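Undergrad: Residue numbering for the sequence shown follows my numbering, beginning at 550 and increasing consecutively. C-beta: ideal position from N, C-alpha, C; glycine also. From a predicted model like this one, the values you see are computed outputs, not experimental measurements.
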Amino acid sequence: MEFSAKNASAAYTSLFLPRAVEERMLIALRQGRISKWFSSYGQEAVSVGTAMAMHEDEWICTMHRNLGVFTTRDIPLRKLFAQFQGKLTGFTKGRDRSFHFGSTEHKIFGMISHLGPQLGVADGLALARKLRGEKKCVLVYTGDGGASEGDFHEALNVAAVWDLPVLIVVENNQWGLSTPSKEQFVFDSFTVKGPAYGMEAHSVDGNDFEAVYALTKKLTDSIRENPRPILLECVTFRMRGHEEASGTKYYPDGLIDSWKEKDPIDRFKAQILAQKWMSSEEVQSLEENCHKLVLDSLNEALEEPNPVFNSEVELNDVYAQVQSSELTSTPNGPRHARRMIDAIREGLETAMELDPSLVLMGQDIADYGGVFKATEGFVERFGKERVRNTPLCESAIVGAGVGLTVEGHAVMVEMQFSDFVTEAMTQICNQAAKLHYRWGQSVNMVIRMPTGAGVAAGPFHSQSTEAWFTRVPGLKVVYPSNAFDAKGLLIQAFQDPNPVLFFEHKALYRSQESDVPEEAYALPFGQARICTVGEELTLVSYGLGMRWIEEWQTQNPNISAEVIDMRTLVPWDFDTVQKSIEKTGRCVVIQEDTYRGSFGADISHRIQTECFAKLDAPVEVVSSLDIPIPFSAELERGYLANSRIEEAINRVLNF
């Protein structure tokens, strides 16, 4: 499409409408009607020009200065303003601010404040379209400041390696809050970045509306026909502060004035008038109509209801609702002896068979079968499209997993070791965990976490990391101790529309064996298992701690202990623990983790708060030492909690 008298009115309306919103929002900010504003004043040509080149059913991942995307996608202004004011009828029901929202209806995936994670999500959205053979493109924005983050490198590398149909638009407005480009990078143009990743790169005057649209349309058409990533730099300028409170006093004198001469709206208006596509009266009337539409919509939004806090409603929206599984939780068919790693492999196979949309991703999981061989033979059976080796980039891959789930896929991401998950904490804890609460988007993703000590692997391959996630609302945390539970809980994890952290103890992979049903079965979350019925005290644990208890029981057959395997930590089965303590009056919680901030400490606190009247002794939490895990086998033995179990149990029994 070329601009002409036939479409000049529509094109100018698209470009001017976000400016009209800008001007009204600045007034609303001064009046206290909104609390914060991130201005895209002077950058409208980038958002509008690129968004116009996208098909309506193609995803756009937005950032702070992409107001023009929302207006171009015809989001009703009344709802948009309700979002800006934190109204109940906004996209996030008042739970998140301004541009931090998404809309599946409008194919917009909204930002989080960490900026870079949008790029990984775009990879996943693009991968979904490619897997289905659709000739579609995904558009993702980042800024010159955000491009300094590691997510930029990870996501561009993945996009290039996998030939993903994604257009990466760098809005180079030359300032990151108050930091100029010369203090952020040492090159003149982001086009130098493209060839480094094996992708083509282009640059365009981001204040030239026609040029932005024309080049973006050319590139997106090309991507649809020949799926691959392309980098597009749009050179522009941020006329106002990073957000209004920060101001622009750090700009050199005369800089703003020099860029006012390049204002994209003034430039396109001048062209319209010069080409006689519209008269000055028609342009003025169009602008007045835009201003009226904006003001009327804002006044309507002011009448929208404010949210009223209701703890039940808020808690219910943290997690997507789990549908009842059609699979049995009490399998009665033939069983066979299986090691824990074999049961996990069978669980993955079952999940892949039940859901053709399921995609597995992780380092070395394809031909090699994973470092622990959980996916050995999967490539031959399910193909490399569904069993995908990834570069070493945990953040981008979890982000891609989020994008895939938004497009209807189920996803498994294998962390090679749970210790390495720190590289993906933002994607897990700030992106995946919060999506459903923020704008109702479920994330059907399982992150497998080989974890734990006992194998003399040192401080970076042996940590107990479960408590890093049990405190994050929106995540579910599962930690089986045996092969039977591992298979049933893993299958259930894929039935759950929420992000699940699935912990697998490395020391149990090949040392633990139990009878595992051949049939598919799913064990519900939040149901602990009473392993041994007893009268004298209650022992609560999970993971490797269950093996330690078995060893203690062998050595102390005369003590009547009721042993409870938690199986899942979020949700956890307090009722079963409470009923046991009402009978025994004494409790010891045993965990491999260190004590401070641990989940065992949480269990103990709740027991002593809600079961105090039933206790005959203080609850003990047996934990590993509060030190990093040492490498030496001798030092590791001293570190681990199992050497202190008997002493703690005796204290509780003799209290």
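Across which residues does DSSP place Tyr690 in a beta bridge pair?
TA: Tyr690 is bridged to Val718.
Undergrad: Considering only the alpha carbon of each residue, which of Val595, His649, Met574, Asn556 lies closest to Tyr986?
TA: Checking every option, the nearest Cα to that of Tyr986 belongs to His649.
Undergrad: In angstroms with no decimal places, state the Cα-to-Cα distance between Ala794 and Arg614.
TA: Near 16 Å, if we compare the C-alpha coordinates of Arg614 and Ala794.
Undergrad: Hey, is the segment 874-893 in contact with the segment 1036-1054, meaning 3+ C-beta pairs nearer than 8 Å?
TA: Yes: the two stretches touch, three or more of their Cβ pairs being nearer than 8 Å.
Undergrad: Within this structure, are the beta carbons of Ile657 and Thr611 separated by less than 8 Å?
TA: Their beta carbons are under 8 Å apart, which means Ile657 touches Thr611 by this criterion.
Undergrad: Where Gly639 and Lys628 are concerned, what is the direct C-alpha to C-alpha distance, given to the nearest angstrom?
TA: Distance between the alpha carbons of Gly639 and Lys628: 6 Å.
Undergrad: Does the beta-carbon of Val992 have 16 or more other beta-carbons within 10 angstroms, so that it is buried, or is it exposed?
TA: Classification of Val992: buried, given that the 10 Å Cβ count is 16 or more.
Undergrad: With H, G and I counted as helix, E and B as strand and the rest as coil, what does DSSP make of Cys783?
TA: Residue state, collapsed to three classes: strand.
Undergrad: Spell out the partners DSSP gives His885 in its beta bridges.
TA: Answer is Val1065.
Undergrad: Give the list of continuous alpha helix (DSSP H) stretches no shorter than 4 residues that lie fully inside the segment 644-716.
TA: List check, alpha helix (DSSP H) in window: 666-680, 699-710.
Undergrad: For the beta strand (DSSP E) containing Asp1114, list its first residue and its last residue.
TA: Per DSSP, Asp1114 belongs to the beta strand (DSSP E) from 1110-1114.
Undergrad: When DSSP labels each residue in this structure, what does Ile1152 get in the three-state scheme?
TA: Of the three classes helix, strand and coil, the one that applies to Ile1152 here is helix, per DSSP.
Undergrad: Are the segment 787-806 and the segment 587-596 in contact at 8 Å, needing three or more beta carbon pairs?
TA: Counting Cβ pairs under 8 Å, three or more are found: they touch.
Undergrad: Put Cys1160 into one of helix, strand or coil per three-state DSSP.
TA: If DSSP states are grouped into helix, strand and coil, Cys1160 belongs with coil.
Undergrad: Decide if the segment 1098-1113 is in contact with the segment 1148-1157; the criterion is three or more beta carbon pairs, one per stretch, under 8 Å apart.
TA: Contact fails: fewer than three Cβ-Cβ distances are below 8 Å.
Undergrad: Which residue comes first and which comes last in the alpha helix (DSSP H) that contains Pro999?
TA: Unbroken run through Pro999 is the beta strand (DSSP E), 994-1000; no alpha helix (DSSP H).
Undergrad: Just to confirm the assignment: which complete alpha helix (DSSP H) runs, minimum length 4, are found wholly within the segment 847-926?
TA: As far as the segment 847-926 is concerned, its whole alpha helix (DSSP H) runs of at least 4 residues are 860-865, 889-903.
Undergrad: Could you give the uninterrupted runs of the alpha helix (DSSP H) lying entirely in the segment 606-650, keeping only those of 4 residues or more?
TA: List check, alpha helix (DSSP H) in window: 616-621, 626-633.
Undergrad: Near Gln723, which residues of its chain fall below 7 Å by C-beta distance, leaving aside the five closest residues on each side in sequence?
TA: Asp693, Pro729, Ser730, Phe786.
Undergrad: When you compare each of Glu1099, Thr924, Val1119, Gln1076 to Val1049 by their alpha carbons, which one comes out closest?
TA: Ranking the options by Cα distance to Val1049, first place goes to Val1119.
Undergrad: If you drop the 5 nearest sequence neighbours on each side, which residues of the same chain put their C-beta closer than 7 Å to that of Lys811?
TA: Here the set comprises Asn756.
Undergrad: Does the Cβ of Lys1025 have 16 or more other Cβ atoms within 10 Å, making it buried, or fewer, making it exposed?
TA: So Lys1025 counts as buried.
Undergrad: What are the start and end residues of the alpha helix (DSSP H) that includes Lys1025?
TA: Here Lys1025 belongs to no alpha helix (DSSP H); instead the beta strand (DSSP E) covers 1025-1027.
Undergrad: Does DSSP put Tyr1070 in a helix, a strand or coil?
TA: Three-state result, Tyr1070: strand.
Undergrad: DSSP on His1054, reduced to helix/strand/coil?
TA: The answer is strand: DSSP assigns His1054 an E or B state.
Undergrad: Measuring CB to CB, does Cys686 end up less than 8 Å from Glu607?
TA: Yes, the pair counts as a contact, with Cβ atoms nearer than the cut-off.
Undergrad: Please report the distance separating the alpha-carbon of Ala1110 from that of Glu1099.
TA: Going by the C-alpha atoms only, they are around 11 Å apart.
Undergrad: I need the straight-line Cα distance from Phe1033 to Leu1093, nearest angstrom please.
TA: In a straight line, the C-alpha of Phe1033 is about 15 Å away from that of Leu1093.
Undergrad: Give me the Cα-Cα distance between Pro905 and Ala915, rounded to the nearest whole angstrom.
TA: Their backbone Cα atoms lie some 17 Å apart in a straight line.
Undergrad: Give the list of continuous beta strand (DSSP E) stretches no shorter than 3 residues that lie fully inside the segment 930-976.
TA: Counting whole runs of 3 or more residues, the segment 930-976 contains the beta strand (DSSP E) stretches 936-938, 960-963.
Undergrad: Could you tell me which of Glu703, Tyr762, Asp1124, Ala1005 sits nearest to Thr599, measuring between CA atoms?
TA: Cα-wise, what sits closest to Thr599 is Tyr762.
Undergrad: Please determine, among Ala982, Lys679, Gly1007, the residue with the shortest C-alpha to C-alpha distance to Ile996.
TA: That would be Ala982, whose Cα lies nearest to the Cα of Ile996.
Undergrad: Below 8 Å between beta carbons: does that hold for Gly1146 and Thr1117?
TA: No, they are not a contact pair.
Undergrad: Identify the continuous alpha helix (DSSP H) that holds Val761 and give its terminal residues.
TA: Val761 -> alpha helix (DSSP H) spans 758-774.
Undergrad: In the DSSP assignment, the beta strand (DSSP E) including Val1201 goes from what residue to what residue?
TA: From DSSP, Val1201 is part of no beta strand (DSSP E) but of the alpha helix (DSSP H) over 1194-1202.
Undergrad: Which stretch, first to last residue, makes up the beta strand (DSSP E) that contains Arg1078?
TA: From DSSP, the beta strand (DSSP E) with Arg1078 extends over 1078-1081.
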